[in-house]
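Visitor:
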Amino acid sequence: MSVDILVIGSFMMDLVVRTPRAPENGETIIGNSFSRFPGGKGANQAVAAARLGGKVTMVGKVGSDNFGDEFLHTLKKENIDTKHIERDLTHPTGVGSITLEENGNNRIVVVPGANRQYLVNDLDRIQDLIKQSSILVVQLEMDFDMTKQAVAYAAMYDVPVILNPAPAQKLDDELLEKVTYLTPNETEAEILTGIKVDSIESAEAAAKVLLSKGVKNVVVTLADKGALIVNASGTQHIPGYTVKPIDTVAAGDSFNGALAVGVTIGKPLDEVVQFANAVGAIAVTREGAIPSLPYINEVLEFMNDQLSNINS
Numbered sequence: 001m002s003v004d005i006l007v008i009g010s011f012m013m014d015l016v017v018r019t020p021r022a023p024e025n026g027e028t029i030i031g032n033s034f035s036r037f038p039g040g041k042g043a044n045q046a047v048a049a050a051r052l053g054g055k056v057t058m059v060g061k062v063g064s065d066n067f068g069d070e071f072l073h074t075l076k077k078e079n080i081d082t083k084h085i086e087r088d089l090t091h092p093t094g095v096g097s098i099t100l101e102e103n104g105n106n107r108i109v110v111v112p113g114a115n116r117q118y119l120v121n122d123l124d125r126i127q128d129l130i131k132q133s134s135i136l137v138v139q140l141e142m143d144f145d146m147t148k149q150a151v152a153y154a155a156m157y158d159v160p161v162i163l164n165p166a167p168a169q170k171l172d173d174e175l176l177e178k179v180t181y182l183t184p185n186e187t188e189a190e191i192l193t194g195i196k197v198d199s200i201e202s203a204e205a206a207a208k209v210l211l212s213k214g215v216k217n218v219v220v221t222l223a224d225k226g227a228l229i230v231n232a233s234g235t236q237h238i239p240g241y242t243v244k245p246i247d248t249v250a251a252g253d254s255f256n257g258a259l260a261v262g263v264t265i266g267k268p269l270d271e272v273v274q275f276a277n278a279v280g281a282i283a284v285t286r287e288g289a290i291p292s293l294p295y296i297n298e299v300l301e302f303m304n305d306q307l308s309n310i311n312s
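Structural data, given as structure tokens:
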């Protein structure tokens, strides 16, 4: 049976401290609250796609601990195929420590744990799964060599690849030339290219560098300014939606999940990105990672409301 969307990705239990502002070096301040949410870029993107109607299979590794149990339970509730998720007997489930300021900005420290124990040799068990997929979604929170090999397998089987290059790092041309959709934010685009991205024009310049390295489509996410599509057909700016952010932690992940769904069903890329912008806009108005991710009916209602406001 074919798999529509295959996510090879990470699991991070997010431990979130809400605070008026982040402390300075050596400073202790009083926070407002503490919360715990299942997250991680892979799990977030898988759930985002599933809630938007995608048929999703997820691959990765969690610990043999309570957090691992919670992740498997959470994903099963979202109708995500979890039978290829493995349990590690010696390493704990990954954890993300998040300081969330009142203005919506966040600072995140990730401890990968079991995520980094899913290695190249583990891919041998899922080559057929990659081959049968309509699209492969990967990020950079797992073992890099494994991620690179997964992309190579997808290219070998002509399976499109979405690479969300986060956490940001330099990437070699051998990997980039196999990527169908690269989705950096402004900071990630700058790290990938050396070009400071602080405008639509500089985002286009950075994206064109990435195109020259073999990426088929670059979609630079620009927060409240929307996103910029750059490919062989040209450049197109897709404006964002104006909302009041509460928690931006899963904004990029929700966008990537939406992109995977839209591409899989064959929508034009500009329409897909407009849809993904709406998904991201809703996500930042809610607290948490997975809890913030919207369902398809909410997104369609949001987009209709926005259109009505423009026309009124």
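The sequence shown runs 1 to 312 under the UniProt record's numbering.
Beta carbons: idealized from backbone N, C-alpha and C, even for Gly.
All of these numbers come straight from a predicted model, not from anything done at the bench.
Give a yes or no on whether the C-beta atoms belonging to residue 273 and residue 227 are separated by under 8 Å.
Guide: Yes, the Cβ-Cβ distance between residue 273 and residue 227 is below 8 Å.
Visitor: Considering residue 45, what are the terminal residues of the alpha helix (DSSP H) in which it resides?
Guide: Its alpha helix (DSSP H) spans residues 41–51.
Visitor: Starting from the Cα of residue 113, find the closest Cα among 125, 151, 67 and 83 and give me that residue.
Guide: Nearest C-alpha to residue 113: 67.
Visitor: Kindly identify the DSSP beta-bridge partner or partners of residue 35.
Guide: Beta-bridge pairing links residue 35 to 16.
Visitor: In whole angstroms, what is the alpha-carbon distance linking residue 188 and residue 140?
Guide: Distance between the alpha carbons of residue 188 and residue 140 is about 11 Å.
Visitor: May I ask which residues mark the beginning and end of the alpha helix (DSSP H) holding residue 141?
Guide: Segment: none, residue 141 is in no alpha helix (DSSP H) and carries neither H nor E.
Visitor: Got a sec? Which residues, its chain only, sit under 6 Å from residue 161 by beta carbon, not counting five neighbours each side?
Guide: So the list reads 136, 151, 154, 179 and 180, once near-sequence residues are dropped.
Visitor: Please determine, among 10, 159 and 276, the residue with the shortest C-alpha to C-alpha distance to residue 251.
Guide: Out of 10, 159 and 276, 276 has the C-alpha closest to the C-alpha of residue 251.
Visitor: DSSP three-state call for residue 93: helix, strand or coil?
Guide: Three-state result, residue 93: coil.
Visitor: Which one of 192, 247, 36 and 89 has the shortest CA to CA distance from residue 292?
Guide: Checking every option, the nearest Cα to that of residue 292 belongs to 247.
Visitor: How about residue 138 and residue 147: are their beta carbons less than 8 Å apart?
Guide: Result yes, Cβ atoms of residue 138 and residue 147 sit closer than 8 Å.
Visitor: What number of angstroms, rounded off, separates the C-alpha of residue 183 from the C-alpha of residue 191?
Guide: If I take the Cα positions, the gap works out to 13 Å.
Visitor: Would you call residue 313 buried or exposed, if buried means 16 or more other Cβ atoms sit within 10 Å of its Cβ?
Guide: Look at the range of the chain in this structure, 1 to 312, and you will see that residue 313 is not part of it.
Visitor: Whole angstroms are fine: how far does the CA of residue 33 sit from the CA of residue 294?
Guide: Those two C-alpha atoms are separated by around 24 Å.
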